[in-house]
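Below is one structure; the comments refer to it alone.
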Amino acid sequence: MQDLHRQLIEGRADVPRVGSVVKLESIPLYAALEGDGSVVAPVVPYLRGLTLDDNRP
-16 MQDLHRQLIE GRADVPRVGS VVKLESIPLY AALEGDGSVV APVVPYLRGL TLDDNRP
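Heads up: the sequence shown begins at -16 in our numbering, then just goes up one per residue.
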């Protein structure tokens, strides 16, 4: 698992694209959507974590 994590950070592995991140007209303002358009989760906490950790690919 750690090896996969390292590969993702270094851009050597791909994650299948299934949904999308979009700006909504409601709260949460930005959310990850499934392929069918249903909301999976808000993305602000994830993006905030990437910014604070400075652990981006």
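Beta carbons: idealized from backbone N, C-alpha and C, even for Gly.
Residue i versus residue j: straight-line alpha-carbon distance, rounded
i: residue -10; j: residue -2; result: 11 Å
i: residue -7; j: residue 8; result: 34 Å
i: residue 22; j: residue 28; result: 15 Å
i: residue 6; j: residue 17; result: 14 Å
i: residue 24; j: residue 0; result: 16 Å
i: residue -13; j: residue 12; result: 30 Å
i: residue 20; j: residue 4; result: 10 Å
Helix, strand or coil at residue i [DSSP, three-state]
i: residue 11; result: coil
i: residue 25; result: strand
Cβ separation of residue i and residue j, assumed to be a contact under 8 Å, to the nearest whole Å
i: residue 15; j: residue 2; result: 6 Å
N-terminal and C-terminal residue of the alpha helix (DSSP H) that residue i is part of
i: residue -11; result: -15 to -8
Extent of the continuous beta strand (DSSP E) run through residue i
i: residue 4; result: 3 to 6
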